[in-house]
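There are 2 protein chains.
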Amino acid sequence: MRLYIVGFGPGGTEYMTMEARHAIEDSDVVVGYTVYVDLLREYFQEKKFYTTPMKKEKERCQWAIDTAVSGKRVALVCSGDSGVYGMAGLVLELLEEEGQKLEIYVVAGVTAACSGGAVLGAPLNHDFAVISLSDLLTPWELIEKRLECAAMGDFCICLYNPSSRKRQDYLQRACKIVERYKSENTVCGYVKNIGREQQEKKILTLSQLKSEQVDMFTTVFIGNSQTIQKGEWMVTPRGYQL
Amino acid sequence: MRLYIVGFGPGGTEYMTMEARHAIEDSDVVVGYTVYVDLLREYFQEKKFYTTPMKKEKERCQWAIDTAVSGKRVALVCSGDSGVYGMAGLVLELLEEEGQKLEIYVVAGVTAACSGGAVLGAPLNHDFAVISLSDLLTPWELIEKRLECAAMGDFCICLYNPSSRKRQDYLQRACKIVERYKSENTVCGYVKNIGREQQEKKILTLSQLKSEQVDMFTTVFIGNSQTIQKGEWMVTPRGYQL
Numbered sequence: 014m015r016l017y018i019v020g021f022g023p024g025g026t027e028y029m030t031m032e033a034r035h036a037i038e039d040s041d042v043v044v045g046y047t048v049y050v051d052l053l054r055e056y057f058q059e060k061k062f063y064t065t066p067m068k069k070e071k072e073r074c075q076w077a078i079d080t081a082v083s084g085k086r087v088a089l090v091c092s093g094d095s096g097v098y099g100m101a102g103l104v105l106e107l108l109e110e111e112g113q114k115l116e117i118y119v120v121a122g123v124t125a126a127c128s129g130g131a132v133l134g135a136p137l138n139h140d141f142a143v144i145s146l147s148d149l150l151t152p153w154e155l156i157e158k159r160l161e162c163a164a165m166g167d168f169c170i171c172l173y174n175p176s177s178r179k180r181q182d183y184l185q186r187a188c189k190i191v192e193r194y195k196s197e198n199t200v201c202g203y204v205k206n207i208g209r210e211q212q213e214k215k216i217l218t219l220s221q222l223k224s225e226q227v228d229m230f231t232t233v234f235i236g237n238s239q240t241i242q243k244g245e246w247m248v249t250p251r252g253y254q255l
Numbered sequence: 014m015r016l017y018i019v020g021f022g023p024g025g026t027e028y029m030t031m032e033a034r035h036a037i038e039d040s041d042v043v044v045g046y047t048v049y050v051d052l053l054r055e056y057f058q059e060k061k062f063y064t065t066p067m068k069k070e071k072e073r074c075q076w077a078i079d080t081a082v083s084g085k086r087v088a089l090v091c092s093g094d095s096g097v098y099g100m101a102g103l104v105l106e107l108l109e110e111e112g113q114k115l116e117i118y119v120v121a122g123v124t125a126a127c128s129g130g131a132v133l134g135a136p137l138n139h140d141f142a143v144i145s146l147s148d149l150l151t152p153w154e155l156i157e158k159r160l161e162c163a164a165m166g167d168f169c170i171c172l173y174n175p176s177s178r179k180r181q182d183y184l185q186r187a188c189k190i191v192e193r194y195k196s197e198n199t200v201c202g203y204v205k206n207i208g209r210e211q212q213e214k215k216i217l218t219l220s221q222l223k224s225e226q227v228d229m230f231t232t233v234f235i236g237n238s239q240t241i242q243k244g245e246w247m248v249t250p251r252g253y254q255l
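Those protein sequence lines, which keep their order, are chains A and B. Here the first sequence is numbered in this note's numbering, starting from 14 and rising by one per residue. Here the second sequence is numbered in this note's numbering, starting from 14 and rising by one per residue.
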């Protein structure tokens, strides 16, 4: 009768909190998206795993609830944080009366804004906005409005899901909106495969970012008007007098 | 010649990543703000610690750099994430030529938006903005502008440093700006002492939040137009059809 919704960070156990590790160890079964569960198998070889493919999030969460209600201890795992475009929201929405009896633990993890930020330096070291460019569940008009508002407020911006096979030009469209308010020389960066093999990072200007091709495993960072590049680092000053 | 800038999450080692733990274990000396270092002493009793008080951030970072340049392994620790209002930015800004020879590792941690979010449920499960209400280093006019833009874009909003002895009415001022764009019934919440003894949480409406007195150890969450309260949880739906 226990359900953990666990954010395990960007990849290997090194980036997982002890709380996340303990939650997985305490569970009878671990359920998650196929690709992410494969990242965990090697570290928890004794565990039973259950996977569902992408776009089957509702079925996955319902399975986790039903299995926990049936008496098992279940860890539903998400990459990054469980509450940032994660499964915690959907599980809590789906809980019906019987689910109310469950012991629910939402276990936070290191989201890509932070893990990717650390790879680049400190791009989000002042007020920032996190925006997903995926329009699977959100109307594109609302995404555009948020990009505009975030740029208008001179926020640092972190973009999740910047691209996919069907959304090849979304990053370009986002940059075009942002550059109405931010200089084309704004310092930007991105990190691909954060914390995994073949991790890559790049620092570039907003105008360069506009013509960059990134994939769905990439997290994009757009600086504010104060953000600088210093050597290999992208840094947003907090405002200390140096 | 090695400097780790380590985010250790909200408090105890349970919320720390393995990477953060290993960085501290690998260091000859651990330096940080007095209050946070005291949280760590009990877990790393063998370590040498060096502390500096609040408002001595620049001295602390410079000490960490100088000590690392002198040949020691240093862990500069920050609560939450090292790159979200943390010390990673300041260290990278302060690096002069000699510092360029250092091996620098920015180690991400679970920031309060995520650790506090998990306590409340999933308040930031859609696009969100993180804004600090501290005007020590940022002009209040810019904070106001960002509050306005975030509210206009219907972002979920997470407020850091919502109050202090000298800024008793800042949360109220922020709510007044936000309610120009968000309904007074918007679901809000806050968490005090995240992950520590005497952790407290509360869910309330925006109009109630406006007259709530919170302290500097509190993180505040303001929902978007879709955010709901479900039982004891604050949940922002991502948009799945249920």
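Think of the CB as a built atom: it goes at the ideal place given N, C-alpha and C, for glycine as much as any other residue. The structure presented is a predicted model; accordingly, all values stated were derived computationally and were not measured.
Distance, L172/B Cα to Q254/B Cα = Those two C-alpha atoms are separated by around 30 Å.
The region 61-79 of chain B: which residues have C-beta closer than 8 Å to a C-beta of chain A, in chain order?
-> Flagged, chain order: E70 and K71.
Contact check, V123/B vs G122/A under 8 Å by CB: the rounded distance?
-> With a Cβ gap of about 7 Å, V123/B and G122/A count as contacting.
Give a yes or no on whether 8 Å exceeds the smallest Cβ distance from M165/A to chain B.
-> Proximity of M165/A to chain B, defined by a Cβ-Cβ separation below 8 Å, is satisfied.
Scan the region 214-244 of chain B and note each continuous alpha helix (DSSP H) run of 4 residues or more that stays entirely inside, going in chain order.
-> Entirely contained in the region 214-244 of chain B, the alpha helix (DSSP H) runs reaching 4 residues are, in chain order, 219-223.
How many Å lie between L150/A and R251/B at the Cα?
-> Approximately 7 Å, taken between the alpha carbons.
Would a C-beta distance cut-off of 8 Å place V227/A and S176/A closer than the cut-off?
-> In contact: V227/A and S176/A (Cβ atoms closer than 8 Å).
Bounding residues of the beta strand (DSSP E) (the contiguous stretch that carries I18/A) | From DSSP, the beta strand (DSSP E) with I18/A extends over R15 to G20.
Examine chain A for any beta-carbon lying closer than 8 Å to the beta-carbon of N198/B, and answer yes or no.
-> Closer than 8 Å: no.
Looking at C-alpha atoms only, which residue of E213/B, T231/B and V200/B is the closest neighbour of I241/B?
-> Sorting E213/B, T231/B and V200/B by C-alpha distance to the C-alpha of I241/B places V200/B at the top.
Cutoff 8 Å: S176/B Cβ touching any chain A Cβ | For S176/B, the answer is no, since every Cβ of chain A falls outside 8 Å of its Cβ.
Simplified DSSP assignment, three categories, for T80/A | Helix at T80/A.
In whole angstroms, what is the alpha-carbon distance linking F168/A and R159/B?
-> Spanning the two alpha carbons is a distance of roughly 7 Å.
Using a Cβ cut-off of 8 Å, pull out every chain A residue sitting near G96/B, in sequence order please.
-> Listed along the chain, the chain A residues whose CB falls inside 8 Å of the CB of G96/B are C127, G130, A131, G134, A135, P136, L137 and N138.
Distance, Cα to Cα, K215/A vs C127/A?
-> Approximately 16 Å, taken between the alpha carbons.
As assigned by DSSP and simplified to three states, the class of K114/A = Helix at K114/A.
Secondary structure at K195/B, three-state DSSP: helix, strand or coil?
-> It is coil, neither helix nor strand.
Sort V143/A, R86/A and I144/A by Cα distance to A36/A and report the nearest one.
-> Looking at the Cα atoms, R86/A is the closest of the given residues.
In terms of residues, what are the limits of the beta strand (DSSP E) holding T65/A?
-> Start and end: K61 to T65.
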